[in-house]
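Engineer:
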Amino acid sequence: MSLFVPSSVLSPESLGTIEVFGTILSTQTQSLLIALSELGIKFIHHPAMPNSPEVSQLSPFGTIPVMVHRPSAIYASKDIVCFYEMSAIAQYIDEVLNVQSSAEGKSDALMPKLADSHSGKYADSALLRAEVRQLCSVIRTYIQNVVEDQYVKPYFALRNNGASESDISVALSEQLDTAISALIYLERIIHNVQQKLNIGADADFLFGKPTWVAAHLFPILRDFRATGPKVLIGGPNERLPHLTKFLQSFENRPSAQAVLKGTFAASA
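In structure tokens:
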């Protein structure tokens with residue numbers, strides 16, 4: 001299918017219709033909703049479960065989130081664009097839905113802007129973009145699996161079935177240690193990237209402004225903190241000081257508050 005997106009579509013008033021399918025319990029669905037909100041892109045959210053009939057019609061694997069763009073009009077079937085994999089969704093948002101803001105150099109682009117190829121800053125900007133993409137991949141795969149899938153979800157499943165905190169602690173002690181270790185490694189990786197790119201360790205939102213890294217990481221950290229892991233709470237003995245600072249600052253943003261209700265974190 002070929003899709004022509006006229007220049008008039010690139011303004012918020014004529015962007016067409018954006019629909020997101022996915023339950024708010026999904027951290028990746030939260031990430032997508034946060035990203036769209038940060039960019040000021042309006043959307044319709046359908047809180048669908050994985051493998052539900054409406055999701056299965058759009059995603060061949062029944063996975064969420066799914067993003068549908070109807071450039072022409074609401075409920076139009078012609079030229080419908082559908083993505084069900086987060087890296088593709090993010091790229092489409094960056095290169096089509098948010099192209100106007102990116103072209104104007106506004107600060108609300110979640111992917112750092114690539115400097116002019118003739119500029120002395122081109123290599124640095126390309127490196128930053130590559131580092132952001134790499135961190136996003138690490139978060140979506142390894143951190144999501146070790147922290148959210150192997151610890152957070154089992155924790156709330158046990159708690160909701162009536163297990164005591166002591167029983168949960170015994171049952172998931174190994175998974176908790178692995179999750180904390182993974183986040184310690186992630187903090188070191190982010191710190192190394194900041195040093196490489198001459199970004200201060202105390203930079204807001206890790207890279208000075210919200211990026212896709214923040215959108216992907218925040219929901220996982222918020223859910224994890226809700227389990228009471230004795231990290232991400234601050235203080236002189238905090239083992240994850242930079243991630244804690246990021247979590248505490250980002251959770252006050254309207255985009256983060258808008259996707260709290262219905263999450264694991266909200267049920268703690």
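Numbered as in the UniProt record's numbering, the sequence shown ends at 268 without a single skipped number.
Backbone N, C-alpha and C define an ideal beta-carbon position, used for all residues, glycine too.
Owing to the predicted nature of the structure, the values given are computational and were not obtained by experimental measurement.
Could you have a look at Ile233 and say whether DSSP puts it in helix, strand or coil?
Structural biologist: Coil, per DSSP.
Engineer: Is Pro112 closer than 7 Å to Arg133 when the C-beta atoms are compared?
Structural biologist: Their beta carbons are not under 7 Å apart, which means Arg133 does not touch Pro112 by this criterion.
Engineer: Taking the alpha-carbon of Ser31 as reference, which of Ala123, Gly162 and Asp223 has the nearest alpha-carbon?
Structural biologist: Asp223
Engineer: How would you call Asn98, buried or exposed, if buried means at least 16 neighbouring beta carbons within 10 angstroms?
Structural biologist: buried
Engineer: Can Ala214 and Ala265 be called in contact, C-beta distance under 7 Å?
Structural biologist: no
Engineer: For Tyr142 and Gln175, which I take to be in contact (beta-carbon distance under 8 Å), what is that distance rounded to the nearest angstrom?
Structural biologist: That belief does not hold up - the Cβ atoms of Tyr142 and Gln175 are roughly 14 Å apart, past 8 Å.
Engineer: At which residues does the alpha helix (DSSP H) containing Val138 begin and terminate?
Structural biologist: Tyr122 to Val138
Engineer: Specify, as a first and last residue, the run of the beta strand (DSSP E) that His242 falls within.
Structural biologist: Careful: His242 lies outside any beta strand (DSSP E), inside the alpha helix (DSSP H) at Pro241 to Phe250.
Engineer: So, is Gly105 buried or exposed, given that buried needs 16 or more other C-beta atoms within 10 angstroms?
Structural biologist: Per-residue confidence for Gly105 stands at a pLDDT of 47, beneath the threshold of 50, marking its modelled position as unreliable; no derived number is given.
Engineer: Going by Cα to Cα distance, which pick from Ile34, Met49 and Asn51 is closest to Phe43?
Structural biologist: Ile34
Engineer: So His242 and Glu187 are supposed to be a Cβ contact under 8 Å. How far apart are they, rounded?
Structural biologist: 5 Å
Engineer: Pull up the CB-CB distance for Ala126 and Leu114, whole angstroms please, since I reckon it's below 8 Å.
Structural biologist: 6 Å
Engineer: Keeping to the same chain, check which residues put their C-beta closer than 6 Å to that of Pro65; ignore five residues upstream and five downstream.
Structural biologist: Val20, Gly22, Gln28, Thr29 and Leu32
Engineer: Exposed or buried, which one is Glu54 when buried takes at least 16 other CB atoms within 10 Å?
Structural biologist: exposed
Engineer: Between the C-alpha atoms of Ala201 and Gln248, what's the straight-line distance to the nearest angstrom?
Structural biologist: 15 Å
Engineer: Note down the Cα distance separating residue 273 from His216, rounded to an integer number of angstroms.
Structural biologist: One cannot answer for residue 273 here, as it falls past the ends of the chain, which runs 1 to 268.
Engineer: On the three-state DSSP scale, how would you describe Ile18?
Structural biologist: For Ile18, the three-state secondary structure derived from DSSP is strand.
Engineer: With burial defined as no fewer than 16 other Cβ atoms inside 10 Å of the residue's Cβ, what is the status of Ala90: buried or exposed?
Structural biologist: buried
Engineer: Exposed or buried, which one is Gln194 when buried takes at least 16 other CB atoms within 10 Å?
Structural biologist: buried
Engineer: What are the residues that DSSP puts in a beta bridge with Phe83?
Structural biologist: Per the DSSP secondary-structure output, Phe83 pairs in a beta bridge with Met67.
Engineer: Could you check the C-alpha separation between Gly40 and Leu15 for me, to the nearest Å?
Structural biologist: 12 Å
Engineer: Label Glu148 either buried or exposed according to how many other C-beta atoms from any shown protein chain fall within 10 Å of its C-beta, with 16 as the threshold for buried.
Structural biologist: buried
Engineer: Determine whether the beta carbon atoms of His69 and Ile139 lie at a separation below 7 Å.
Structural biologist: Not closer than 7 Å, so no.
Engineer: What does the Cβ neighbour count give for His207, buried or exposed, with the cut at 16 atoms within 10 Å?
Structural biologist: Sequence inspection shows Phe at residue 207; the His mentioned does not correspond to that position. Phe207 should be labelled buried.
Engineer: Which residue from Ala48, Pro71 and Ser72 puts its Cα closest to that of Thr63?
Structural biologist: Out of Ala48, Pro71 and Ser72, Ala48 has the C-alpha closest to the C-alpha of Thr63.
Engineer: What is the rounded straight-line gap between the Cα of Phe83 and the Cα of Ser59?
Structural biologist: Cα atoms of Phe83 and Ser59: separation of roughly 8 Å, rounded to the nearest angstrom.
Engineer: Quick check: the Cα distance between Thr182 and Pro71, rounded to an integer number of angstroms?
Structural biologist: The displayed chain sequence assigns Ala, not Thr, to residue 182. One C-alpha to the other measures close to 40 Å.
Engineer: Output the distance between the C-alpha atoms of Asn252 and Lys121, rounded to the nearest integer angstrom.
Structural biologist: 32 Å
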